[in-house]
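Chains as they are written, first to last, in the working numbering: chain W, 1098 to 1434; chain Y, 1098 to 1434.
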């Protein structure tokens, strides 16, 4: 049986290039041994963090090697099993990356059986009931430590993580200001997610828009983006504010940290905290997060949008959407075709 | 009776200028009313934060007005009292600034009777047993949340706050790296304070010196300085590191935040926290901090150095020492002469 996989051909300088940075290769799938399973990818999640893994520099995880398969979480079906833990036909989440088949040892920590409630789509396990949902829930409750009535700014507010953070904040009586990259997203955040305000950084001056809403009034900032958007937000933070640094998509493409206004004095005068966090260190809270989110979806308190695309061959093309303000909803590729 | 006071003549651009930015003026002291006391300044504390108050921009406290007396904490003697709370001859700490006399209402929150143990100098109430000591103790224990065996970097390590932070860290079994501005201070930190390492930022490349000690090894950073020293330190922080932003003397003279490498990505990949803090929000812990510090001084576990200067007329001249790597030990002016 032939596997197909997308590998990293060379490390991108700046924005990835579909032609030169990725390569699709084919290889024989090996036979499974006792204790192993063979899985077939059904859906692949595409996420901003993948750009970071393409760099050689230090990150919170090892980079993808040149020639190595691009990293990513998938929904896969067990098509052969010599494990007592999994049966043929089981659906699992696993981190096998941009490829069609993989042999996995049964105790590989990244595999887990999918326990998405039956009345919700299985693809939710890659989004609101998976890593992005847990990131939103735990970043919001554990890092930002919100109080009702506080004001939160969320960047990439219509995205997989941001859209959930903003809705959690609305649920508990906070004022939510979204920042997005298109008017379509602005409308979505205001009309469907019920955010109080939403600004388009491509057409509006975020600093001055925030300035119109008050002075030193932002209690929490959930930062998915970084760069100049963060500069604008930090100009308006309140005393004792908290910033959760969740993603830095604005600067993932930069080989060294770009320059920006120094934040230490702002943090000092505002007695404020900026904290980077990775959801994997909150594993003890995953079950709680997923349970909360499932209930809130079913009760209609949280809405969730997916952007499901077709075709294994189109993975790199779809990945590029993350860098072009075109992505709208959790980006997933159905790779069965 | 004539009061003399140093007032802010104009807001400095960059480093203050003794001639153009300060002015000494004289005025009549008014008679005290019932419930008031008249105090005579004995010692004035000079501290880096005062530079921040000379700017018009936002800080954690209101700026000094043009024509207003320069802010500062003093040791003063009550020389006349119509209050039941204070008697003639009482020694108090008060925030009356750079002046010789002041009439104070008895319930003014900034006054407190000095309770420095009798076997320690009264001037310690302006330093290790006052604001700088509390800042060191509370910033270290409450913000950095240290564990034995961790590595801490302290900037301005021979200063009023830094020298205490480093010694507290040594006391609990941490590895201490100081950063200072002269070889004399390096020797002091290594030989008298027993820091493990100390570097001179005027003659050594801090980034490369830290790089020789390990990779991603700094668990805590007590930042009194900011600017390029912080850039160097943040290049070497460990996973889950904590930075306490206590002072930013390197950039107090800058009217707008200067540019520097963006820190958000570093905080994200290292899952680290940067927190600005002001000691005044830990008032409920003051007594504990002072009690700890008094005991450790008497037991010889902490050494404390003062730089006591003479003369009310020399206050601005002495203040400038804070910006010139000349200051060594807690800067105090005996203003009785």
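Ideal Cβ placement from N, Cα and C applies to all residues, glycine included.
These figures come from a predicted structure and were not determined experimentally.
Check, Outcome
"So with CB distances below 7 Å, who are the chain W contacts of residue 1342 of chain Y?", "1361, 1364, 1365"
"Between residue 1252 of chain W and chain Y, is any beta-carbon pair separated by less than 8 Å?", "no"
"Does DSSP put residue 1409 of chain W in a helix, in a strand, or in coil?", "helix"
"How far does the alpha helix (DSSP H) with residue 1205 of chain Y in it reach, from first residue to last?", "Where residue 1205 of chain Y is concerned, there is no enclosing alpha helix (DSSP H), given that its DSSP letter is neither H nor E."
"With H, G and I counted as helix, E and B as strand and the rest as coil, what does DSSP make of residue 1113 of chain W?", "coil"
"Please list, in chain order, the residues of the region 1376 to 1394 of chain Y that have any C-beta partner in chain W closer than 8 Å.", "1378"
"Please tell me whether residue 1184 of chain W and residue 1432 of chain W are closer than 8 Å, where the distance is taken between their beta carbons.", "no"
"Under 8 Å, CB to CB, which of the residues in the region 1290 to 1320 of chain W have a partner in chain Y?", "1313, 1320"
"With DSSP as the reference, identify every bridge partner of residue 1198 of chain W, one or two as the case may be.", "W:1137"
"Quick one, which of W:1188, W:1114, W:1328, W:1201 has its alpha-carbon nearest residue 1131 of chain W's?", "W:1201"
"Check whether chain W comes within 8 Å of residue 1139 of chain Y, counting only Cβ atoms and requiring the distance to be less than that.", "no"
"Determine the closest residue to residue 1169 of chain W out of W:1175, W:1416, W:1152, W:1239, with distance taken between C-alpha atoms.", "W:1416"
"Could you tell me the alpha carbon to alpha carbon distance between residue 1295 of chain Y and residue 1405 of chain W, rounded to whole angstroms?", "56 Å"
"Can you list, in chain order, the residues of its chain with a C-beta nearer than 6 Å to that of residue 1420 of chain Y? Leave out the 5 residues immediately preceding and following it.", "1112"
"Going by other Cβ atoms of all chains shown within 10 Å of its Cβ, with 16 needed for buried, is residue 1288 of chain Y buried or exposed?", "exposed"
"Say yes only if the C-beta of residue 1120 of chain W is nearer than 7 Å to one or more non-hydrogen atoms of the ligand NAD, and no if none qualify.", "Inclusion of the ligand NAD in the displayed structure is not the case, the ligand content being empty and no account of it being possible."
"In whole angstroms, what is the alpha-carbon distance linking residue 1190 of chain W and residue 1380 of chain W?", "15 Å"
"Establish whether the CB of residue 1323 of chain Y and some CB of chain W are separated by less than 8 Å.", "yes"
"Considering just the uninterrupted stretch of the alpha helix (DSSP H) at residue 1272 of chain W, what are its terminal residues?", "No alpha helix (DSSP H) holds residue 1272 of chain W; the beta strand (DSSP E) holding it covers 1272 to 1277."
"Could you work out which residue in Y:1322, Y:1410, Y:1198, Y:1234 is closest to residue 1128 of chain Y when comparing CA atoms only?", "Y:1198"
"Is the Cβ of residue 1214 of chain W closer than 8 Å to any Cβ of chain Y?", "no"
"Residue 1278 of chain W: which of W:1426, W:1430, W:1125, W:1123 sits nearest, CA to CA?", "W:1426"
"For a contact defined as C-beta to C-beta under 9 Å, what are the partners of residue 1269 of chain W on chain Y?", "In chain order: nothing, as chain Y lies at least about 23 Å away."
"Use the C-beta contact count for residue 1353 of chain Y: other C-beta atoms within 10 angstroms, 16 or more gives buried, fewer gives exposed.", "exposed"
"Of all the CB atoms in chain W, is at least one closer than 8 Å to the CB of residue 1248 of chain Y?", "no"
"Of all the CB atoms in chain W, is at least one closer than 8 Å to the CB of residue 1356 of chain Y?", "yes"
"I'd like to know whether the C-beta atoms of residue 1133 of chain W and residue 1180 of chain W end up nearer to each other than 8 Å.", "yes"
"Could you tell me which whole beta strand (DSSP E) segments of length 3 or greater appear in the region 1262 to 1347 of chain Y?", "1272 to 1277, 1294 to 1297, 1315 to 1320, 1334 to 1342"
"DSSP three-state label for residue 1238 of chain Y, please.", "helix"
"Checking the sheet assignment: what are the DSSP bridge partners for residue 1119 of chain W?", "W:1105"
"Mind the definition here: the region 1160 to 1169 of chain W touches the region 1208 to 1221 of chain W only if three or more C-beta pairs lie below 8 Å; say whether that holds.", "no"
"Does DSSP put residue 1252 of chain Y in a helix, in a strand, or in coil?", "strand"
"How would you write the range of the beta strand (DSSP E) that residue 1190 of chain W sits in, first residue to last?", "1188 to 1191"
"Does any residue of chain W have a CB that is nearer than 8 Å to the CB of residue 1220 of chain Y?", "no"
"Reducing DSSP to helix, strand and coil, say where residue 1363 of chain W ends up.", "helix"
"How many Å lie between residue 1152 of chain W and residue 1382 of chain Y at the Cα?", "46 Å"
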